[in-house]
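Novice: Next up is a structure, given as structure tokens.
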Amino acid sequence: MTHLEARHMSIVSSFDGVLLQSAYIGAVVVVFALEITTRPSSSYFVLDCECEDNTECRESRSQIGPKQHSNIFSRLVYMWVTPAINNGLSQNRYREEDLLSVPAAISGNQANADFLAEWESQCVNGNSSLIWVLARNIGRDVAVSGMYMALSTTAQLLQPLVLKQVIGYFQASGDSTPIDEGLMLALGMGCLGLVRAVAYQAHWHVLMKPYLWLEKVLAALVYHKTLHLSSESRSRHSTGEIASYLGVDVGTLATSINYVHYVWDYPLRISVVLYMLFNTVGYASLAGVALLLLNTFMSARIARVVQRHIKKYVDSRDQRMQVVSETVANIKGIKLYAWQDAFIGRIERIRNKMELLALRKVGLWKSLLTLTSSLVTVFICLTTFAVYVLVDGTSHGPLTSQLVFVSLSLFMLLEEPLSQSPTVVSAFVSAARSYSRICDLAASFEVDSSAVSREPYDRNAPSTTPDDVLVNVENGTFKWLSADDPTLHNVSIQCKREELVAVIGRVGAGKSSLV
């Protein structure tokens, strides 16, 4: 066989390989196009529905969004949202009926009722751990999103390895290098990028459901506890603090779920990248590890300082809200005696010299934390290459383009975990503070509903008379939950309709205990 014939057979073999790969890719595209075709929704409804004319059943069926009857490709690339977007573009406006329906698990009041019932049953059994109740409800979705996150991280870590093969393919000399190998490497790079993007967005999409559920049920818990707090518990939680629970702490704790997978993803990614760097540039990577450990130590110290200032900020904010609530509640007396300037000055003093000062320090320390984490990647890269050139330079060959570009791609993988780690740390620091405050409210004593019996009474009934007894206490004994001995003994009182009742007594006689 001559050299020309061997060359001809090599070209034919490469052409056959390209043809087979093109046929395979074309088949995948055809299957994808067929799968993204919208599937018809089912046209049946529940026959044993108890609602009249099945109206509510049809309404509940109409609330099923397009995601429920979409295929897997449509879910991965979110094509099921396209009709809703096109509908809004064609009308130049959105109406309420044009919006996609919210899943029943996070939209109905049944979710709140189920969570509150589960929480109360845990409290009755002596296990008042709020975190476990939340974990049992959102654990499945968090685990699924974690699988997507692991897939995305795996695809991202494989890209530098494929890049090394691509550069090695172009550096190879001679005409014997098969072209189908280069095409497969290029296709592999593209597929890894596609898998990473799709899996990463799927992770966020799945994690959005527990985020919305957390916001809903935590707000319901705070509202429920506020309505059932005992007098002693209400004295420990002012109106301003309760407003802070709903407006700040609930959102902070729910937002922390978005960072839950970074707790294990960032350390794992950093460890794998450092191992790959060691295999790429040898012992020169230890210089980068030293800088990384130094940055970790500094970040931990700064995070503790941030936590201390966040506590000061939250305490001063609660104090300001309490003063504002007291001012609004007693606004008539304040205006009557012209004390508004004094109260305004008190509120401004708390706001400017305590709350804003603590918030400013939090912002400064967070900025320092972000700055150090952003620059550490550049310093690690420069230090590693400098040590490799000056000290080693032979263990893995000269500093070629393949070694440089692969190392740079690995360093870029370190940029996100190092720069975003302060955000994750500060988010969990704030979430821990909010969680402790909400747990303190959730564990507060409530009014004993079994101590009072309520009977229906119709004020507009014709049989009502002024002698009807609306409040009746017979031989009542009253005590505060924190007190050992009862405050009032053998109290009997009746409050009839259309009567004006006043409780009069000396200081400490037990008026508040009775009321």
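Numbering-wise (our numbering), the sequence shown opens with residue 1104 and increments by one.
The beta-carbon is built from N, C-alpha and C at its ideal position, and this holds for glycine as well.
1) Does the Cβ-Cβ distance between Ser1255 and His1306 come in under 8 Å?
2) Give the DSSP-derived three-state secondary structure of Asn1433 in the structure shown.
3) Counting only the same chain and skipping the five closest in sequence on each side, list residues whose C-beta sits under 6 Å from that of Ile1345.
4) Ignore the nearest five residues each way along the sequence and tell me which others in Ile1373's own chain have a CB closer than 8 Å to its CB.
5) Any idea which residues DSSP pairs Gln1597 with across the strands?
6) Going by DSSP, what residue range makes up the alpha helix (DSSP H) through Tyr1491?
7) So, helix, strand or coil for Leu1502, using DSSP?
8) How long is the line joining the alpha carbons of Ser1165 and Arg1178, rounded to whole angstroms?
9) Can you tell me the Cβ-Cβ gap for Asn1361 and Val1479, rounded? I've got them flagged as a contact below 8 Å.
10) For Ala1302 versus Tyr1369, is the C-beta spacing smaller than 8 Å?
11) Which term fits Phe1488, buried or exposed, when burial requires 16 or more other beta carbons within 10 angstroms of its beta carbon?
12) Is the beta carbon of Ile1209 sitting closer than 8 Å to the one on Lys1319?
13) Per DSSP, Phe1581 is paired with what?
14) Could you pull the start and end residues of the alpha helix (DSSP H) that Phe1548 belongs to?
15) Beta carbon of Leu1297: closer than 7 Å to some heavy atom of the ligand GDP?
16) Between Ile1447 and Arg1423, is the Cβ-Cβ spacing less than 8 Å?
17) From the DSSP output, which residues share a beta bridge with Leu1103?
18) Here's the rule: buried if 16 or more other CB atoms are within 10 angstroms of the residue's CB, otherwise exposed. What is Gly1391?
19) Taking the alpha helix (DSSP H) that Trp1235 belongs to, which residues open and close that run?
20) Answer yes if the region 1554 to 1563 comes into contact with the region 1376 to 1384, meaning at least three C-beta pairs across the two stretches below 8 Å, and no otherwise.
Specialist: This is what the structure holds:
1) As a first step, residue 1255 must be located in the sequence shown, where it is residue number 152. As a first step, residue 1306 must be located in the sequence shown, where it is residue number 203. Contact flag set, yes.
2) Here residue 1433 refers to the residue found at position 330 of the sequence shown. Of the three classes helix, strand and coil, the one that applies to Asn1433 here is coil, per DSSP.
3) Counting from 1 along the sequence shown, the entry for residue 1345 is found at position 242. Excluding sequence neighbours, Ile1345 sits near Thr1329.
4) The sequence position of residue 1373 within the sequence shown is 270, counting from 1. Sequence-distant partners of Ile1373 (beyond 5 residues in either direction) whose C-beta falls short of 8 Å from its own C-beta, in its chain, are Leu1395, Leu1517, Pro1520 and Leu1521.
5) The residue labelled residue 1597 in the question sits at position 494 within the sequence shown. Gln1597 pairs with Asn1575.
6) For the purposes of this step, residue 1491 is taken as the residue at position 388 of the sequence shown. For Tyr1491, the enclosing alpha helix (DSSP H) stretches over residues Leu1459 to Leu1493.
7) As a working mapping, residue 1502 is identified with position 399 in the sequence shown. The answer is coil: DSSP assigns Leu1502 none of H, G, I, E or B.
8) The residue labelled residue 1165 in the question sits at position 62 within the sequence shown. The residue labelled residue 1178 in the question sits at position 75 within the sequence shown. Reliability of the predicted coordinates at Ser1165 is poor, the pLDDT of 43 falling under 50, and the value obtained from them is presented with this limitation in mind. A straight-line Cα-Cα distance of about 19 Å links Ser1165 and Arg1178.
9) What you label residue 1361 is simply residue 258 of the sequence shown in a count that begins at 1. What you label residue 1479 is simply residue 376 of the sequence shown in a count that begins at 1. In fact, because the Cβ distance is near 24 Å, the residues do not count as touching under 8 Å.
10) Mapped onto the sequence shown, residue 1302 falls at position 199. Mapped onto the sequence shown, residue 1369 falls at position 266. Contact annotation: Ala1302 and Tyr1369 have beta-carbon atoms that are not nearer than 8 Å.
11) As a position in the sequence shown, residue 1488 is number 385, starting the count at 1. It counts as buried.
12) Translated into positions along the sequence shown, residue 1209 becomes position 106. Translated into positions along the sequence shown, residue 1319 becomes position 216. Ile1209 is a Cβ neighbour of Lys1319, given a cutoff of 8 Å.
13) The count along the sequence shown starts at 1 and reaches residue 1581 at position 478. Partner residues in the beta bridge of Phe1581, as assigned by DSSP, are Leu1591.
14) On the sequence shown, position 445 is the one that residue 1548 refers to. Element bounds for Phe1548: n/a, residue is neither H nor E.
15) Only the bare structure without any ligand can be found here, which leaves the ligand GDP out of the picture.
16) Along the sequence shown, read from residue 1 onward, the residue named residue 1447 stands at position 344. Along the sequence shown, read from residue 1 onward, the residue named residue 1423 stands at position 320. Taking 8 Å as the Cβ cut-off, Ile1447 and Arg1423 do not qualify as a contacting pair.
17) Because the chain here runs from 1104 to 1618, residue 1103 falls outside it and cannot be looked at.
18) Sequence index remark: in the sequence shown, residue 1391 carries index 288 (1-based). Answer is buried; the Cβ neighbour count reaches 16.
19) Taking the sequence shown and counting its residues from 1, one reaches residue 1235 at position 132. Trp1235 -> alpha helix (DSSP H) spans Leu1233 to Gln1274.
20) By the C-beta criterion, the region 1376 to 1384 is judged not to be in contact with the region 1554 to 1563, since fewer than 3 inter-stretch pairs fall below 8 Å.
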